[in-house]
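Heads up: the sequence shown runs through residues 1154 to 1507, numbered per the numbering used here.
Before any comments, here is the structure.
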Amino acid sequence: MNLILKPCQTEGFAHGVSTSRNLFDAQGVLLLAKGEVVTIRVLELLKSHQVYILQFESDKTIPPKCFSQERYQNVLASMQDIYQGGNLVTEVKLIATKDVVDGIFDELTKNPRIYFNLNQFRNFDNYTYVHSVNVGLIASLIAINMGYMDEQLKELILGALLHDLGKMTIPTELLNKPTGLTTQEFEILKQHPIRGVELLKEVKISPEVLAGIRQHHERWNGQGYPDGLKSNAIHPYARVIAVADVFDAITADRPYHEGIPLYYALELVEAGSDSDFAPEVVLALRNSLVIYPENSSVKLNTGEIGIVIDIPSNFPTRPLIRILFDKYGNLVQDEIVVDLLRDLTRFISSVDFQ
Ligand SMILES: [Fe+2]
1154 MNLILKPCQT
1164 EGFAHGVSTS
1174 RNLFDAQGVL
1184 LLAKGEVVTI
1194 RVLELLKSHQ
1204 VYILQFESDK
1214 TIPPKCFSQE
1224 RYQNVLASMQ
1234 DIYQGGNLVT
1244 EVKLIATKDV
1254 VDGIFDELTK
1264 NPRIYFNLNQ
1274 FRNFDNYTYV
1284 HSVNVGLIAS
1294 LIAINMGYMD
1304 EQLKELILGA
1314 LLHDLGKMTI
1324 PTELLNKPTG
1334 LTTQEFEILK
1344 QHPIRGVELL
1354 KEVKISPEVL
1364 AGIRQHHERW
1374 NGQGYPDGLK
1384 SNAIHPYARV
1394 IAVADVFDAI
1404 TADRPYHEGI
1414 PLYYALELVE
1424 AGSDSDFAPE
1434 VVLALRNSLV
1444 IYPENSSVKL
1454 NTGEIGIVID
1464 IPSNFPTRPL
1474 IRILFDKYGN
1484 LVQDEIVVDL
1494 LRDLTRFISS
1504 VDFQ
């Protein structure tokens, strides 16, 4: 298992606050030990992105683990509670959501190679809650991969869970409209990031989280909304939430489109790197996703069923598959291995996570 230095995300640090991780410089020299108080010198280095934390390299030797279904269900129930009704969020509801954030934080920071069955609870009625939970989980994975930790990571998870809160004030018919929206309808929809922030005006919540919510539809090239912000003007939380949001949305079945497989969604998001999304966030998405856990059972577009036996680290969307059943459902006697990296006529149409 290799240890590597990863850049440390810095916005949450302040002079006089103690750190929960060992912090290093680019040469691996310890700058500040866990539990020590952040000094002015370290703070300056942090600001110029010259501080690193030590992590296991992709933790590839640790077997991936599925995010607990029970925890997912609890998170979903809490989201339903906070999203319900489109009313102003109360302090009690916000505290309940922060408990949810703590639960996600604990599970994800304990399990570096975790994956989610994003489709497990999707249905038409509770799409917004499920989507919010999924975005919270994906954004967390991305953020951990980028070196986010402690309070900053928790803030980002909170922003991701609440990113679409404002949609509760938009008529359902408009949200679920199967065909193209009129210009006027689209203008109404485009208000939801601002409305989400308004729903949180009565509670104590950091401006960083609010920026994450307000700016989650901004795009790297300045073509997003509501403010048309560009590249580094977009808050770092919003850059992460934007990628998680789009990744989950395009994999879900909606009235206006059919969900696409995860590997294809990743390739589409990658195509938007540097135009729609911050490149470092897209890279972190790729590095953090376990799209096809080893030994998971997959169905190919040809109708064949097989198991994943290897995943190329640079192409996680194109694993090596050992075919078990042919397209007629007959057990295959010979050892047939399909390399999806070379055989571009075959692709995975579904994956069984159980
Ligand atoms: Fe949104």
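For each residue, glycine too, the CB sits at the ideal point set by N, CA and C.
Since the structure is predicted, the reported quantities are computational estimates derived from the model, not experimental observations.
Leaving out five residues before and five after residue i in sequence, what residues of the same chain have Cβ atoms less than 6 Å from its Cβ?
i: V1242; result: L1352, L1353 and V1356
i: F1277; result: With a pLDDT of 46 at F1277, under the threshold of 50, the modelled position of this residue cannot be trusted, and the question is left open.
i: L1176; result: L1184, L1185 and V1204
i: S1502; result: K1452 and N1454
Determine whether the beta carbon atoms of residue i and residue j lie at a separation below 8 Å.
i: N1306; j: I1295; result: This sequence places Leu at residue 1306; Asn is not what is there. No.
i: I1474; j: V1491; result: yes
i: G1365; j: G1312; result: yes
i: N1228; j: D1398; result: At residue 1228 the sequence reads Val, which differs from the Asn that was named. Against a cut-off of 8 Å, the Cβ pair of D1398 and V1228 comes out as no contact.
i: R1495; j: N1454; result: no
Does DSSP put residue i in a helix, a strand or coil?
i: K1187; result: coil
i: V1504; result: strand
i: S1450; result: strand
i: Q1180; result: coil
i: R1326; result: It should be noted that the sequence gives Glu, not Arg, for residue 1326. Residue state, collapsed to three classes: helix.
i: D1212; result: Because D1212 carries a pLDDT of 48, less than 50, the predicted location of this residue cannot be relied on, and no value is offered for it.
i: D1406; result: coil
i: K1218; result: strand
i: F1400; result: helix
i: S1173; result: coil
i: Y1268; result: strand
i: H1168; result: coil
i: N1155; result: Caution applies to N1155, whose pLDDT of 48 falls short of 50 and renders its modelled position unreliable; the value that the coordinates give is listed next. The answer is coil: DSSP assigns N1155 none of H, G, I, E or B.
i: Y1390; result: helix
Apart from the five residues on each side of it in sequence, which residues of its chain come closer than 7 Å, Cβ to Cβ, to residue i?
i: I1323; result: I1341, L1342 and H1345
i: R1348; result: G1319 and T1322
i: G1300; result: K1159, P1160, C1161, Q1162 and I1206
i: I1394; result: V1288, A1292, G1312, A1313, H1316, G1365 and H1369
Grab the span of the alpha helix (DSSP H) containing residue i for me, first residue to last.
i: Q1162; result: Taken as a continuous stretch (DSSP letters only), Q1162 belongs to no alpha helix (DSSP H), as it is neither H nor E.
i: E1423; result: L1415 to A1424
i: D1252; result: E1244 to K1263
i: I1489; result: Not the alpha helix (DSSP H): I1489 falls in the beta strand (DSSP E), residues L1484 to D1492.
i: I1341; result: T1336 to L1342
i: E1433; result: P1432 to S1441
i: N1298; result: Y1280 to N1298
i: G1349; result: H1345 to L1352
Check for me: the beta strand (DSSP E) holding residue i runs from which residue to which?
i: L1473; result: L1473 to F1478
i: G1459; result: I1458 to D1463
i: D1317; result: Segment: none, D1317 is in no beta strand (DSSP E) and carries neither H nor E.
Excluding sequence positions up to five away, which residues of its chain have a Cβ less than 8 Å from the Cβ of residue i?
i: S1221; result: E1260
i: D1401; result: L1271, H1284, N1287, V1288 and I1291
Would the segment 1417–1424 and the segment 1451–1463 be scored as touching if the rule is three or more Cβ pairs under 8 Å? no
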